[in-house]
Amino acid sequence: MKNSTIKKHTISDIIEILGDSPQTDGLHVHLSKNKFEEIPLSYPFRADNYAFLLVVSGVLKIQLNLITYTIRSNEMISIKPQTVTHILEMSNDLEIIGVSFTVDFILKNSFKKIELNAFDFFTSNNIPKLKLLEDEMNTSVTLSRLLEKNNSFNDQKPFFKEEIINYTFGLLMYHYASIYKKTYPNLEADLSRQEELTLRFLKILNENLKKERTVQFYADVLCITSGHLSKVLKEVSGKTANQLIDDAVIMEAKILLGNPSLTIAEVTYELQFSNQSFFGKFFKKHTGFSPSEFRKTHKTISL
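This is how it looks when you write it as structure tokens:
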């Protein structure tokens, strides 16, 4: 069998090709204005991430799954993972904002904050293009630039950086979702079986993570084998069921530890660990910090 001629790129690959500086793992905001004398990716490629492409000025002609779109000023298009993308033309005055993010970023940071129906425009077979009104455009640009500013690595780390990134990202998602719902009221989600299973797993995990941490429990609820569940989750998110369960528990633990009114013993009880020592070992294994060390660091950052 011949190798595919369509290249596959990660966010890291694309950042390097564009000459951008690295940002938060799994999330990147690209701001360009008259930056390129020629098309930086002149060949068809697949990326492993979701993306919003917003044209601020100029014209971008792009082919997505063999369908050609011309994106002009104040227009935006969304791209889901594994879409075959081919940039055909870029005008000399092109100014574009691209927000790229991975499934893993969503699962680790935002699935509790963002309702799943906000993703309808990413799960449809069609790839609808949006024309934004002036106030919608201004909001999109403001949120994207705020996200880029806080998502970039710099010496002056703002207080509550992670929270600012997550909530700004969530607000941007809802902003675009609202415009899509208004423009395409009959747009329906078209999830694959694997994607649907993943979303069902996340919903059940969100409701049970404090008391149920075995893969078998979630597999039984979903009426499948634990091996099949982990295989599907690995294909969709890049992580196994065990890894996603641990991520969810750690995120919940960090939220609870951020509450100074709770003792570590109370956090241990809330998360239903058998004892404080076991919780401490689990937390340190996944974060590199003991619960008390994390709390001190968090308190220092939050003052």
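First residue of the sequence shown: 231, per the working numbering; consecutive thereafter. All C-beta atoms in this analysis are idealised placements derived from N, C-alpha and C, irrespective of residue type, glycine included.
Among the residues of its own chain, which have a CB less than 8 Å from the CB of residue i, if the five just before and after it don't count?
i      : result
Gln424 : Val462, Glu465 and Val466
Asn380 : Pro388, Lys391, Ile394, Ile395 and Thr398
Ala449 : Thr455, Ser456, His458, Leu459 and Ala471
Lys343 : Bear in mind that the predicted position of Lys343 carries a pLDDT of just 49, short of 50, making it too unreliable to give a figure here.
Thr313 : Arg276, Ala277, Leu294, Asn295 and Ile357
Leu452 : Leu427, Arg430, Phe431, Ile434 and Leu459
Glu366 : His405 and Ile409
Leu439 : Ile475, Ala478, Val479 and Glu482
In its own chain, which residues sit with a C-beta less than 6 Å from the C-beta of residue i, not counting the 5 before and 5 after it?
i      : result
Phe503 : Phe509
Thr332 : Gly256 and Asn279
Thr498 : Gln506 and Phe509
Lys514 : Ser520
Ile292 : Tyr299 and Ile317
Between which residues of its own chain and residue i is the CB-CB distance below 7 Å, once the five residues before and five after are set aside?
i      : result
Ala277 : His239, Ile244, Pro311 and Thr315
Pro252 : Ile245 and Phe383
State the Cα-Cα distance for the pair residue i and residue j, rounded to the nearest angstrom.
i      : j      : result
Phe383 : His258 : 11 Å
Thr527 : Lys484 : 11 Å
Glu364 : Asn489 : 41 Å
Gly518 : Leu318 : 46 Å
Gln446 : Ile480 : 20 Å
Arg375 : Phe282 : 13 Å
Lys361 : Val286 : 11 Å
Lys469 : Phe512 : 18 Å
Ile409 : Ile475 : 33 Å
Ser520 : Gly328 : 37 Å
Pro274 : Ser303 : 24 Å
Thr369 : Glu437 : 33 Å
Glu500 : Gln473 : 21 Å
Glu523 : Pro270 : 44 Å
Ile336 : Gly249 : 25 Å
Between the Cα of residue i and those of the options, spot the shortest distance and give me the residue it belongs to.
i      : options                           : result
Lys441 : Leu402, Lys291 and Glu482         : Glu482
Phe322 : Gly328, Leu290 and Asn304         : Before going further, note that residue 322 is Asn rather than Phe in the sequence given. Selected option, being the one with the closest Cα: Leu290.
Ser330 : Ser456, Thr493 and Leu402         : Leu402
Lys265 : Tyr273, Thr254, Ile247 and Phe275 : Ile247
Ser262 : Lys237, Gly288 and Tyr273         : Gly288
Asp334 : Met320, Leu271, Asp477 and Glu267 : Asp477
Leu492 : Ile326, Ala407, Arg525 and Thr254 : Arg525
Helix or strand or just coil, what does DSSP make of residue i?
i      : result
Gly457 : helix
Phe512 : helix
Gln473 : helix
Leu261 : strand
Lys238 : strand
Phe331 : strand
Ser467 : helix
Ser522 : helix
Met432 : Correcting the residue identity first, residue 432 is Leu in this sequence and not Met. Three-state DSSP puts Leu432 in a helix.
Gln253 : strand
Ser308 : strand
State yes or no: is the C-beta of residue i nearer than 7 Å to some heavy atom of the ligand ADP?
i      : result
Leu284 : For the ligand ADP, the structure offers nothing, since it holds no ligand at all.
* Whole beta strand (DSSP E) runs in the stretch 359-412 with 3 or more residues, listed along the chain? -> 359-361
* **Segments assigned beta strand (DSSP E), at least 3 residues, entirely inside the stretch 263-305** => 275-277, 280-287, 289-294 and 297-302
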